[in-house]
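Using the working numbering, the first residue of the sequence shown is number 3, and each one after it goes up by one.
A virtual CB, placed ideally from N, CA and C, is assigned to each residue, including glycine.
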Amino acid sequence: MPTAVKGQLAKLGAALQSFTVAQRTIAVILLAALVLGIVALVSWLGKPTYTPLFSGIDPTDASAIVELLQTDGVPYQLTAGGGTILVPENVVYDERLKAAAAGLPAASSGGGYSLLDTMGVTSSEFQQNVTYKRAIEGELANTIKAMDGVKNASVQLAIPEESVFVAEQRDPTASVFVETQAGATLDSKQVQAIVNLTSASVDGMKATDVAVTDASGTVLSAVGSGAVGGAGGDASDYESKVQASVQAMLDKMVGPGNSSVVVAADLDQSSGTKVTESFSQPTSGPIALNESGTTEQYGSGADGANGTGATGVLGPDNIAVPNGTAADGTTTAGIGADGGYTNESTTKNNAVDKVTESLNVPAGEVSRQTVSVALNSAAANGVNMQSVRDLVGAAAGIDAARGDTVQVAQVDFDTSAADAAAEALKAADAASASEAMWGTIRTVGIVAAIAIAAIVGLIVFARRSRRQDREDVDLGELAPQNGAQTWDATMPLSLDDAVATSRLTLPGMGEAKTELLDVDAPTPSPEFVSAERRRAEIDAMAERDPGKTAELLRGLMDDRQPA
């Protein structure tokens, strides 16, 4: 060990030995606080950052992964009820690769079509059918679990055996059990998506043959009726949309919190196809599509052929009518003198304009809606009510033909609840701010106390160390040996010269009568010479190192040592 280090250690040991009991206690407390602070700082700086290795896994997979981590000696943490495993960030990718090589997590990768990989060639037809059904169920469950808000899912399929008899054929059905995440609910669109996904995965299954139930036992979709509560959900969505648009407009007119909007809508859930046929006459007049005529003739001869000859047919009232002329004046047939007969007919089909319309009517059409608006009278004094009514009707899409109505009124709003909530929120914010402030003060106080204690300890240690470096000087007794002669401390001290020059002030002469006389200095005693030498050494030390001299004098006064 170097000499300088040994010297410092020796000084430190001497300083510690010179401490009193109180000083030693304070030093031990400061040393312990310093050690604890260093340990806490090192522990905090050396603490690794944990990152999720797997999340949302089953307890079986979590147990297997934990065993793998324990085998590798990797620290881990379990959160979310054991469903999430955290490991240090620097080993997360290596552990994922090792877990994947071990087939973990098995629950997420197992099931589905992977079941077919374990089938042997000696499997029976029944085993093949059951395994295939389980594979479809597993694939559907894994797909449904990938949806937002779904924590776990289970699918059960009922696929009947195929039959050659049409009367004995039955449709397949499915039941889906869904467990949602904490605080999450499935809306009608998500339920319909699950139903469509399940029905489309099985041949011959209809959407109405799928039942969906959540973990609370609520039926989300029933067999034979489809999604439950779909109409109400659609109406609520429509009402919320209209209400939000109207409320946003009113907030800009009268300010936030000064209006209230309520929308009630009736939706028609019937759906079908509407076919309409309409006929109209062409504007350019009748247009013949086709025309046909026929002629019948019996007998021979010119008269029979021409339809002329003597009368031989009796008309009304037994009056003879010429041949070829009917009673109504139209020429239809003629009978000649020789018995001939002629009949002619003409058919003409005219074109007519025809329009056929086929319209698919979906469910959810608005049949009627009402909008009620209440305005705070304190904020809507200068507002035109008719203008507000017109704006609300336009924003909500009011149709008077179907019976829609809009009601706008000014009322006094009760703000006591809002004021109480605001006061409670303000008090909570103040309490939080006060707690944070006191926490900061406590932290700063603790740090300041530790810092002050450390500074005080260092000062005490430094002072004790400087006291150990002090040189002991015995001033002795500095009493003068000759009362009639005054020696100056700055005079050179020489013991070899027998004659010294001294300044004497004669009594009664005053300052103006001062004379310098050469006198024989008395021979000083050995004690006087020793005291003068010590004084000279002290003066020289004061000139050479004033700070150290002051420290020595201060130490003498502290120790109450006689000077």
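Considering only C-alpha positions, which residue in the set the options is nearest to residue i?
i    : options                : result
T62  : T22, S20, T5, L106     : L106
Q412 : I138, D205, N378       : N378
I452 : G9, T5, L38            : L38
L118 : K135, A104, A103       : K135
A217 : V178, L558, F56        : V178
D96  : M251, G83, L70         : L70
V212 : T220, A250, S201, R444 : S201
T278 : S360, A224, P284, E164 : S360
A29  : N386, V458, L269       : V458
G185 : A209, T210, G151       : G151
T175 : V214, M387, D541       : V214
A148 : I196, T133, S125       : I196
G287 : K276, T348, A353       : A353
I403 : Q388, V368, N383, A422 : This sequence places Ala at residue 403; Ile is not what is there. For the residues Q388, V368, N383, A422, the minimum Cα distance to A403 belongs to V368.
V193 : T348, S203, V204, A209 : A209
D416 : D547, G259, K350, Q388 : G259
Just mark residue i as buried or exposed, buried being the case when its beta carbon has 16 or more other beta carbons within 10 Å.
i    : result
T344 : buried
G122 : exposed
E127 : exposed
M207 : buried
S242 : exposed
F56  : buried
E139 : buried
E425 : exposed
Q283 : exposed
Q371 : buried
L291 : exposed
I146 : buried
S1   : A question about residue 1 goes unanswered here, because the residues of the chain that appear run from 3 up to 565.
V132 : exposed
P32  : Going by the sequence as given, residue 32 is Leu instead of Pro. Buried, by the Cβ-count rule.
S223 : buried
V41  : exposed
Closer than 6 Å by C-beta to residue i: which residues in its own chain qualify, once you throw out the five before and the five after it? Chain order, please.
i    : result
P50  : P90
G274 : V363
P162 : R172
D347 : Note that residue 347 corresponds to Ser in the displayed sequence, not to Asp. T296, listed in sequence order.
G75  : none
What three-state label does DSSP hand residue i in the structure shown?
i    : result
A217 : coil
R546 : helix
D471 : Its pLDDT being 49, under 50, D471 is placed unreliably by the model, and nothing is read from it.
V193 : helix
L269 : strand
Q171 : coil
N383 : coil
Y95  : helix
G274 : strand
G510 : Its pLDDT being 45, under 50, G510 is placed unreliably by the model, and the measurement read from it follows with that caveat. Correct three-state label for G510: coil.
V263 : strand
A456 : helix
A104 : coil
Give every residue of the same chain whose Cβ lies closer than 7 Å to the Cβ of residue i, excluding the five residues on either side of it in the sequence, and list them in chain order.
i    : result
Q25  : V462
V394 : V248, V373, V375, V408, V410
S156 : A143, F179
Y78  : V68, L71, I87, L88, V89
S165 : Q171
A304 : Its pLDDT being 47, under 50, A304 is placed unreliably by the model, and the measurement read from it follows with that caveat. No residues qualify anywhere along the chain.
L572 : The shown model of the chain, from 3 to 565, leaves out residue 572, and the question about it has no answer.
Starting from residue i, follow the alpha helix (DSSP H) in both directions and report where the run begins and ends.
i    : result
Q388 : 387-398
A353 : Taken as a continuous stretch (DSSP letters only), A353 belongs to no alpha helix (DSSP H), being part of the beta strand (DSSP E) at 343-353.
A160 : A160 -> not in any alpha helix (DSSP H); beta strand (DSSP E) instead, spanning 152-160.
R136 : 127-147
K13  : 5-20
R26  : 23-48
V225 : It is not in any alpha helix (DSSP H) - V225 carries neither H nor E in the DSSP assignment.
T62  : 61-74
Could you please give the first and the last residue of the uninterrupted beta strand (DSSP E) stretch that includes residue i?
i    : result
E181 : 175-182
Q409 : 407-413
Q79  : 79-81
L291 : 289-300
P364 : Here P364 belongs to no beta strand (DSSP E), and DSSP marks it neither H nor E.
V89  : 86-90
T187 : Neither: T187 is in no beta strand (DSSP E) and is coded neither H nor E.
G117 : Looking at the sequence provided, one finds Leu at residue 117 rather than Gly. Per DSSP, L117 belongs to no beta strand (DSSP E) and is neither H nor E.
L55  : 52-56
Is any heavy atom of the ligand FAD found at a distance shorter than 8 Å from the C-beta of residue i?
i    : result
V225 : The ligand content of the structure shown is nil, which means the ligand FAD is not present either.
Between residue i and the rest of its own chain, which residues show a CB-CB distance below 8 Å, the 5 nearest in sequence each way excluded?
i    : result
D355 : F281, S282, Q283, P284
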